[in-house]
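Engineer: One structure coming up, written as structure tokens, with questions to follow.
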Amino acid sequence: VEGQDISFTENSIKTGFGLGFSMGKNTTGNGFVYSIGYQREIWKDRLRLNPNFSIGQYSSKLLLDAQDQYFNSLNLATNLYFDLIKIKSVSFVIGCGGLVNYSMGLKGTGGYPEVDNEPQKSQYVSDFHFGGYLGGGFRINPSNKRFAINIMPINIHYGNNNFSEFQAKIEIDFKF
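Numbering (the working numbering), first residue to last: 807 to 982.
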């Protein structure tokens with residue numbers, strides 16, 4: 807029926823992809839990031855809870871002074887997003903949360919071995935990190951559409967053992 811508002815539940819599936827840079831005690835690299843999670847609106851269509859899983863696939867190919875590295879970074883996170891400024895279907899979004907990270911991969915030779923004064927060798931890397939999340943961007947959420955688009959140029963993960971990730975992502979929320 808024309809003119810009738812479509813109503814959706816407060817639940818959605820959030821997917822995302824983007825580019826990232828990851829640093830840890832034993833790893834440094836850039837690459838691609840993918841995420842998927844559940845999202846629930848919890849206050850007046852402005853505050854959302856988002857438990858999610860993300861994977862980053864990183865390498866040091868573009869870093870001239872780093873050892874050859876290929877590693878994955880897995881994150882289990884729970885984030886809160888708040889629409890700070892909202893004008894019709896467009897809003898400025900900020901987010902925060904907590905996460906557990908597991909980074910694992912292979913570190914090889916390369917870089918500047920004379921700096922370390924140690925012979926280079928390949929090694930397997932496996933690190934756990936606990937930390938937080940801060941983010942910001944824009945959300946386009948038409949009330950009569952089954953999806954919302956999040957343009958999130960700022961996504962920062964930080965934690966123990968010098969862990970940090972910087973990501974720029976595009977996310978799509980599929981509403982139920």
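Every residue gets a Cβ at the ideal spot worked out from N, C-alpha and C, and that includes glycine. The structure displayed is predicted, hence computed values, not measured ones.
Leaving out five residues on either side along the sequence, give the residues of the same chain with a beta carbon under 7 Å from the beta carbon of P948.
Structural biologist: The residue labelled residue 948 in the question sits at position 142 within the sequence shown. For P948, where only same-chain residues beyond five positions count, the Cβ hits under 7 Å are S895.
Engineer: Is it the case that the Cβ atoms of F953 and F980 are separated by a distance below 8 Å?
Structural biologist: For this step, residue 953 is matched to residue 147 along the sequence shown. For this step, residue 980 is matched to residue 174 along the sequence shown. In this structure, F980 lies closer than 8 Å to F953 by Cβ.
Engineer: Tell me, to the nearest whole angstrom, how far the beta carbon of Y864 is from that of N836; I am working on the premise that it is less than 8 Å.
Structural biologist: Taking the sequence shown and counting its residues from 1, the one referred to as residue 864 is at position 58. Taking the sequence shown and counting its residues from 1, the one referred to as residue 836 is at position 30. Indeed they touch by this definition, with Cβ atoms about 6 Å apart.
Engineer: Checking 8 Å against the spacing of the C-beta atoms, do T833 and G942 come in under that value?
Structural biologist: Taking the first residue of the sequence shown as position 1, residue 833 is located at position 27. Taking the first residue of the sequence shown as position 1, residue 942 is located at position 136. Not in contact: T833 and G942 (Cβ atoms no closer than 8 Å).
Engineer: Would you tell me roughly how many angstroms separate the C-alpha atoms of Y876 and K913, rounded to the nearest one?
Structural biologist: What you label residue 876 is simply residue 70 of the sequence shown in a count that begins at 1. What you label residue 913 is simply residue 107 of the sequence shown in a count that begins at 1. Each residue's alpha carbon lies about 7 Å from the other.
Engineer: To the nearest angstrom, how far is it from the Cα of R852 to the Cα of K867?
Structural biologist: Locating residue 852 in the sequence shown gives position 46, counting from the first residue. Locating residue 867 in the sequence shown gives position 61, counting from the first residue. Between R852 and K867, the C-alpha separation is close to 40 Å.
Engineer: With burial defined as no fewer than 16 other Cβ atoms inside 10 Å of the residue's Cβ, what is the status of Y844: buried or exposed?
Structural biologist: Taking the first residue of the sequence shown as 1, we reach residue 844 at position 38. Looking at its Cβ environment, which holds fewer than 16 other Cβ atoms inside 10 Å, Y844 is exposed.
Engineer: Enumerate in chain order the residues of its own chain whose CB-to-CB distance from E795 is below 6 Å, with the five nearest sequence positions on each side excluded.
Structural biologist: A query on residue 795 cannot be resolved here, the shown segment of the chain reaching from 807 to 982 and no further.
Engineer: Using 8 Å as the threshold, is the C-beta distance between D933 and N967 below it?
Structural biologist: Here residue 933 refers to the residue found at position 127 of the sequence shown. Here residue 967 refers to the residue found at position 161 of the sequence shown. Yes.
Engineer: My assumption, with CB atoms under 8 Å, is that L890 sits in contact with G938. Please give the rounded CB distance.
Structural biologist: Counting from one through the sequence shown, the residue named residue 890 turns up at place 84. Counting from one through the sequence shown, the residue named residue 938 turns up at place 132. The Cβ separation is near 19 Å, so there is no contact.
Engineer: The beta strand (DSSP E) with G830 in it runs from where to where?
Structural biologist: The residue you call residue 830 lines up with position 24 of the sequence shown. No beta strand (DSSP E) holds G830; DSSP gives it neither H nor E.
Engineer: Report the CB separation of G830 from S909 in whole angstroms; it is logged as a contact under 8 Å.
Structural biologist: Working through the sequence shown from its first residue, we reach residue 830 at position 24. Working through the sequence shown from its first residue, we reach residue 909 at position 103. Contact flag correct, Cβ pair sits at about 6 Å.
Engineer: List the whole-angstrom C-beta distance separating G822 from E977, where the pair is believed to meet the contact cut-off of C-beta under 8 Å.
Structural biologist: Your numbering for residue 822 matches position 16 in the sequence shown. Your numbering for residue 977 matches position 171 in the sequence shown. Contact holds; Cβ gap of about 4 Å.
Engineer: Name the DSSP beta bridge partners of T821, please?
Structural biologist: Position 15 of the sequence shown holds residue 821. Beta-bridge pairing links T821 to I842, I978.
Engineer: Alpha carbon to alpha carbon, what distance is there between L869 and K820?
Structural biologist: Your numbering for residue 820 matches position 14 in the sequence shown. Your numbering for residue 869 matches position 63 in the sequence shown. So the two alpha carbons sit approximately 32 Å from each other.
Engineer: If you reduce the DSSP assignment to three classes, tell me which class S928 lands in.
Structural biologist: Looking up residue 928 in the sequence shown gives position 122. Reduced to three states, the DSSP call for S928 is coil.
Engineer: Apart from the five residues on each side of it in sequence, which residues of its chain come closer than 6 Å, Cβ to Cβ, to N885?
Structural biologist: As a first step, residue 885 is located in the sequence shown; it is residue number 79 there, counting from the start. These residues qualify, in order along the chain: N856, G901, G903, Y939.
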